[in-house]
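I have placed the structure first, in the form of structure tokens, so that the comments after it can refer back to it.
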Amino acid sequence: MYPELGQFSLILSLLLAVLLATVPLVGALSGRDHLQAFARPLASGLFVFVAIAFALLTHAFVTDDFSVAYVANNSNSLLPWYYKFSAVWGGHEGSLLLWILMLAGWTLAVAVFSRRLPSVMIAQVLAVMGMVTVGFLLFILITSNPFERLLPNVPADGADLNPLLQDFGLIVHPPMLYMGYVGFSVAFAFAIAALINGRLDAAWARWSRPWTTVAWSFLTVGIALGSWWAYYELGWGGWWFWDPVENASLLPWLAGTALVHSLAVTEKRGVFKSWTVLLAIVTFALSLLGTFLVRSGVLTSVHAFASDPTRGAFLLGLLAITIVSSLTLYAFRAPVVHTRTRYGSLSREIFLLLNNVLLVAATLLVLVGTLYPLVLDYLGAGRLSIGEPFYNLTFSPLAIAVGLMLGAGIFSRWKRTDGGWLGRRLLWPAALSLVLSCAVLLTYGGFTPWAFAGLLAAAWVAVTTFMDLWDKSGSRHGRWHGLKRQSRSYYGMVLGHLGVAMTMAGATVVSNYGVERDVRMSPGDSAGIGNLQVTFSELGQRQGANFVAQYGRFDITRDGQLIATLYPEKRQYHVQRNVMTEAGIDAGLTRDLFVALGEKVADDAWAVRIQYKPLIRWLWLGALFMAGGGALAIADRRYRIKVRSERPAIDDSRSGGQDEGVAEAL
Amino acid sequence: MGRILIVVWALLLPLAAVATSEVYPFDSAADQERFRTLISELRCPKCQNQNIADSNAPIARDMRDEVYRMLQQGATNQQVTDALVGRFGEFVLYKPQFDQRTALLWATPLIAVLGGVLVVIGIVIRGRRRDPSESSLSDAERRRAEQLLEDRDDGA
Amino acid sequence: MFIPAVLAVALGIVLFAGIGKDPTHLESALIGKPVPVFELADLQEPDTIHRDDVFVGEVSLLNVWGTWCPACRDEHDDLVWLARDEGVRIVGLNYKDNRDLALEWLDSLGNPYALSLYDPQGRLGFDLGVYGAPETYVIDADGIVRFRHVGVVTPQVWQQTLQPLVERYGKGG
Numbered sequence: 001m002y003p004e005l006g007q008f009s010l011i012l013s014l015l016l017a018v019l020l021a022t023v024p025l026v027g028a029l030s031g032r033d034h035l036q037a038f039a040r041p042l043a044s045g046l047f048v049f050v051a052i053a054f055a056l057l058t059h060a061f062v063t064d065d066f067s068v069a070y071v072a073n074n075s076n077s078l079l080p081w082y083y084k085f086s087a088v089w090g091g092h093e094g095s096l097l098l099w100i101l102m103l104a105g106w107t108l109a110v111a112v113f114s115r116r117l118p119s120v121m122i123a124q125v126l127a128v129m130g131m132v133t134v135g136f137l138l139f140i141l142i143t144s145n146p147f148e149r150l151l152p153n154v155p156a157d158g159a160d161l162n163p164l165l166q167d168f169g170l171i172v173h174p175p176m177l178y179m180g181y182v183g184f185s186v187a188f189a190f191a192i193a194a195l196i197n198g199r200l201d202a203a204w205a206r207w208s209r210p211w212t213t214v215a216w217s218f219l220t221v222g223i224a225l226g227s228w229w230a231y232y233e234l235g236w237g238g239w240w241f242w243d244p245v246e247n248a249s250l251l252p253w254l255a256g257t258a259l260v261h262s263l264a265v266t267e268k269r270g271v272f273k274s275w276t277v278l279l280a281i282v283t284f285a286l287s288l289l290g291t292f293l294v295r296s297g298v299l300t301s302v303h304a305f306a307s308d309p310t311r312g313a314f315l316l317g318l319l320a321i322t323i324v325s326s327l328t329l330y331a332f333r334a335p336v337v338h339t340r341t342r343y344g345s346l347s348r349e350i351f352l353l354l355n356n357v358l359l360v361a362a363t364l365l366v367l368v369g370t371l372y373p374l375v376l377d378y379l380g381a382g383r384l385s386i387g388e389p390f391y392n393l394t395f396s397p398l399a400i401a402v403g404l405m406l407g408a409g410i411f412s413r414w415k416r417t418d419g420g421w422l423g424r425r426l427l428w429p430a431a432l433s434l435v436l437s438c439a440v441l442l443t444y445g446g447f448t449p450w451a452f453a454g455l456l457a458a459a460w461v462a463v464t465t466f467m468d469l470w471d472k473s474g475s476r477h478g479r480w481h482g483l484k485r486q487s488r489s490y491y492g493m494v495l496g497h498l499g500v501a502m503t504m505a506g507a508t509v510v511s512n513y514g515v516e517r518d519v520r521m522s523p524g525d526s527a528g529i530g531n532l533q534v535t536f537s538e539l540g541q542r543q544g545a546n547f548v549a550q551y552g553r554f555d556i557t558r559d560g561q562l563i564a565t566l567y568p569e570k571r572q573y574h575v576q577r578n579v580m581t582e583a584g585i586d587a588g589l590t591r592d593l594f595v596a597l598g599e600k601v602a603d604d605a606w607a608v609r610i611q612y613k614p615l616i617r618w619l620w621l622g623a624l625f626m627a628g629g630g631a632l633a634i635a636d637r638r639y640r641i642k643v644r645s646e647r648p649a650i651d652d653s654r655s656g657g658q659d660e661g662v663a664e665a666l
Numbered sequence: 667m668g669r670i671l672i673v674v675w676a677l678l679l680p681l682a683a684v685a686t687s688e689v690y691p692f693d694s695a696a697d698q699e700r701f702r703t704l705i706s707e708l709r710c711p712k713c714q715n716q717n718i719a720d721s722n723a724p725i726a727r728d729m730r731d732e733v734y735r736m737l738q739q740g741a742t743n744q745q746v747t748d749a750l751v752g753r754f755g756e757f758v759l760y761k762p763q764f765d766q767r768t769a770l771l772w773a774t775p776l777i778a779v780l781g782g783v784l785v786v787i788g789i790v791i792r793g794r795r796r797d798p799s800e801s802s803l804s805d806a807e808r809r810r811a812e813q814l815l816e817d818r819d820d821g822a
Numbered sequence: 823m824f825i826p827a828v829l830a831v832a833l834g835i836v837l838f839a840g841i842g843k844d845p846t847h848l849e850s851a852l853i854g855k856p857v858p859v860f861e862l863a864d865l866q867e868p869d870t871i872h873r874d875d876v877f878v879g880e881v882s883l884l885n886v887w888g889t890w891c892p893a894c895r896d897e898h899d900d901l902v903w904l905a906r907d908e909g910v911r912i913v914g915l916n917y918k919d920n921r922d923l924a925l926e927w928l929d930s931l932g933n934p935y936a937l938s939l940y941d942p943q944g945r946l947g948f949d950l951g952v953y954g955a956p957e958t959y960v961i962d963a964d965g966i967v968r969f970r971h972v973g974v975v976t977p978q979v980w981q982q983t984l985q986p987l988v989e990r991y992g993k994g995g
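So the protein sequences, as listed, match chains Y, A and G.
Heads up: the first sequence at position 31 corresponds to 31 in the numbering used here, and the numbers run straight through without jumps.
Heads up: the second sequence at position 90 corresponds to 756 in the numbering used here, and the numbers run straight through without jumps.
Heads up: the third sequence at position 157 corresponds to 979 in the numbering used here, and the numbers run straight through without jumps.
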């Protein structure tokens, strides 16, 4: 009975979403306040019913209701309870429901946290979000119903969750990612609303910014989690593979980063409005494109959900309607404004524009790289593969350029920066960065051009960020006062940029100075890596909750002193019978030691993969810093919901500009 | 006693750490490096997007064996990739060969950055060409702004 | 201003064309090229050695199979039918298998092969670019590879794909 209730709940949600998509919009376009007022209650109702549906699906999993096809395909009675819970989003239908839940959640959040916005604006924004929700609800109800039943032949037990997914990573990675993907729909909705009512001013940018930043932070965490998960779960020590699905998450992230910066310029200076709107549309479009690529079976990927041409076609239709209509709206309504504002060639505006150029170039590169094989295949020009070696050659220079541009631009001023002054400002950081990167190179031993470039860029970003902080916190009343005086928004920027430096440093060092050995070992053997000895001490077997594992005990010593003991294993799960590799990892801030069991090459000999991974944790820590920076930025005073005089929000562009006494944050 | 110790020592020797060999051993470190790079840049034709270094599929193992065999015989990187492409198609190369079809692909970053930079230059030049004495506000707007500022000073 | 919309439409067309296609399907790299040089023992008579000239003179199908491959079992009956009722010359390539098991298989299920090559190491399979059994090649009378079908051969596959090719390359001689 419950699954049917779940389905019914989804249908109700669809009805509410349709109403949300139409009624407030009609109210906004015709100026009828009472119709606009429907937006908030409809958003609440929509969320409630989607949440009910999600809860009912979870209930089906937790109670082992194998009459529901989706549960039977993705769960098993032996599955530990926390994986039963997360198995809800382990497959296509359930993860889609999670997506919709998040969409409804963000819609509700926008409805709740926007009291000060004009009623017309909020009506339009919520209506657009309603439209997107309608599309996805139609998709799930028509092609991917998670509540389909297997009656009357209810299987005795389920097919089990894919063992690769029976991991902590599944519990956190998809929800974080989806929060990001779906969060960009808010910026999209604001952009569309602005295009509809022709009001493309700085206020729009100010309203969009916190939503976009939060979505971006979530996406950053989601991608970092995915990378970390792949590293320890897949068994070969890689952390990014340029797999189409990974690229699908990177695309909105790159565009989103450009968007966050572009919104800053539009908010502060009122320029680049059309560009920012286009970027907001494109970022969300890339989120949708990613959804399509993962679920349509068009590209090969170890991540892809089981594909189905009907679903692919429907999703493509949804994608096409959303993107083409919004881009057409843009073509007609985006103002071709020849702004009368002037800015110098070294102004902050220009630096941020160049930042955008580089980030958009990177986005384009990843997009082209991911889709090129499809295009060539369509043209009958052959079957191509585009992978890591290609991106290493093309993406890295762009990343380094972004880093260099960041450092140079940090000192720039709005409207005009004196070239000579800027040049002088940058001399010390340049020298310091050079020294720092050389020092690191020497520590790890060996100069390679890529390592040098990457480290230089990372050092450059860090040094300039600190120098800027130093500059700005100079005060008559002492350094501490100067530091306290800076806004959270500024510290958000500092933290975010430091995160970039950390990630760049981590990526550069681990790629250039990591050591990998594939050795043949029997119990008792020992292999050396760097100045460490790895000894295969014993081989054993153990029983897990729903698997049986063969493990090896590896003792890692340096000069005879034991540093770590690792237990990599090969697990065979009872139900799906696949063999999973669980690596043994000794984690550290400065380096990871990674040991994984490969294949059995003889009766008592195994292929063992031993890796030394310097600074790899910096990759993910840097991402956490970036996300933290975003969180800090939106905790800024100006976004606080003031309880002061409740002025009717007619033209709200003035409030929030009082904190000019502090330093120029973005 | 001494002889007994020697015998004991000799018996214990096999238990001491034995230097292990790579799964695919090479005489020179350079070849080892070449091998590692090659197998990480070749794609397993059957797997769901994995290189032959990481894949456990039988065909991946066969390909690794072949790369190993060829390197031992002194083949160059180009010869190895040609041999595998000749059998499995260019699908197995993760770095697409540069030819007429892929020229656009390889040029993408350059085109994108150049295009963007040109646009920025255009914006800067357009801004500079405008009369520097031209104010951002028209006369009527300027008067109104002054009026507003006076009012605010009075009220504050 | 309209460029983004136009690009999106173009992309949509390409993506649409990709739906339903199998992205793991690879065309053989040997199409138009001769069968690789090989020297393999016969499956039934270990003393007889076959070389690549076994394909010269008549158009044939080369079927790659193994007892370890469940899909090969699925297509086996259709292969027997093809050989017996349609008179198609099928050369079998027993790929990475055990001779005794393979012989047992043919004895109990029927032997559709004009001759069977025994390739325990998979050398010819590798040279052909076999990446997943079963695979069936169409080889013309000059020993040139003309087509590869990856997957099970069904009567439908025969009628729609293989038969036209066999007829086309059979005529020229």
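By construction, the Cβ of each residue, glycine as well, lies at the ideal position given by its N, Cα and C atoms.
As the structure is a prediction and not an experimental result, all values here were calculated from the model.
Minimum Cα-Cα distance from Thr976 of chain G among the listed residues G:Phe877, G:Gly842, G:Phe860 and G:Cys894 corresponds to G:Cys894. DSSP places Arg342 of chain Y outside both helix and strand once states are collapsed to three, so it counts as coil. Every alpha helix (DSSP H) stretch that sits fully inside the region 349-428 of chain Y and reaches 4 residues is listed by chain position as 388-410.
Within chain G, Tyr953 have C-beta atoms less than 7 Å from the C-beta of Ile725 of chain A, given in sequence order. Its chain contains Ser437, Val440 and Thr508 as the residues whose beta carbon lies nearer than 6 Å to that of Leu455 of chain Y, once the 5 sequence neighbours on both sides are disregarded; these appear in chain order. Nearest in C-alpha terms to Ser396 of chain Y, of all of Y:Ala457, Y:Val375, Y:Arg342 and Y:Leu195, is Y:Ala457. For a Cβ distance threshold of 7 Å, residue set Ile841 of chain G lies close to Ser296 of chain Y, ordered along the chain. Nearest Cα to Gly238 of chain Y within the set Y:Lys613, Y:Ala87 and Y:Arg637: Y:Lys613. Three or more beta-carbon pairs drawn from the region 532-551 of chain Y and the region 570-580 of chain Y are found closer than 8 Å, and the two stretches are therefore classed as touching.
For Thr983 of chain G, not one C-beta of chain Y is nearer than 9 Å to its own C-beta.
Counting C-beta atoms within 10 angstroms of its own C-beta, Phe447 of chain Y has fewer than 16 neighbours from the protein chains shown and is therefore classed as exposed.
Sequence-distant Cβ neighbours of Phe452 of chain Y in its own chain, meaning closer than 7 Å and more than five residues away, are Ser437 and Leu441. Of all alpha-carbon atoms in A:Arg702, A:Asp697, A:Asp693 and A:Ser694, the one lying nearest the alpha-carbon of Asp518 of chain Y is that of A:Arg702. Per the DSSP secondary-structure output, Val260 of chain Y pairs with nothing in a beta bridge. Listed along chain A are Pro711, Phe754, Gly755 and Phe757, each with a C-beta nearer than 8 Å to that of Leu848 of chain G. At least one CB atom of chain Y sits nearer than 9 Å to the CB of Ile789 of chain A. By the CB criterion at 9 Å, Arg269 of chain Y and Ser487 of chain Y fall outside the cutoff.
Per DSSP, the unbroken alpha helix (DSSP H) holding Leu57 of chain Y starts and ends at Ala39 to Val62. Across the structure, Ala313 of chain Y and Ile841 of chain G are spaced so that their CA atoms are roughly 7 Å apart. Within the region 430-476 of chain Y, the runs of alpha helix (DSSP H) at least 4 residues long that lie entirely inside it are, in chain order, 449-472.
In the three-state DSSP reduction, Thr976 of chain G falls in the coil class, being neither helix nor strand. Trp204 of chain Y counts as buried, since no fewer than 16 other beta carbons sit within 10 angstroms of its beta carbon. No Cβ of chain Y is located within less than 9 Å of the beta carbon of Asn743 of chain A.
In the DSSP assignment, Met580 of chain Y falls outside any alpha helix (DSSP H) and lies within the beta strand (DSSP E) extending over Val579 to Glu582.
At a C-beta separation below 7 Å, Leu299 of chain Y has these neighbours in chain G: Pro845. Look at Gln533 of chain Y here: in three-state DSSP terms it is strand.
Boundaries of the beta strand (DSSP E) around Gln561 of chain Y: Gln561 to Leu566.
Against chain Y, the CB of Leu833 of chain G has a partner CB under 9 Å away; the residue lies at that interface. The count of Cβ pairs closer than 8 Å, one atom from the region 882-898 of chain G and one from the region 912-927 of chain G, reaches three, so the stretches are in contact. What Gly932 of chain G touches in chain A, judged by beta-carbon distance under 9 Å, is nothing: the nearest beta carbon there is about 27 Å away. Between Met736 of chain A and Gln745 of chain A, the C-beta gap is smaller than 9 Å, which places the two residues in contact.
Straight-line measurement puts the Cα of Ala224 of chain Y at about 26 Å from the Cα of Leu319 of chain Y. Judged by beta-carbon spacing, Met626 of chain Y lies within the 9 Å limit of Gly499 of chain Y, meaning their Cβ atoms are closer than that value. Of the candidates Y:Asp160, Y:Leu164 and Y:Val214, Y:Val214 places its Cα closest to the Cα of Tyr178 of chain Y. The beta carbon of Gly628 of chain Y is closer than 7 Å to those of Leu495 in its chain, skipping five residues each way along the sequence.
Non-local beta-carbon contacts of Asp160 of chain Y in its own chain, meaning distances under 6 Å to residues more than five positions away in sequence, involve Asn76, Val575 and Gln576 in chain order.
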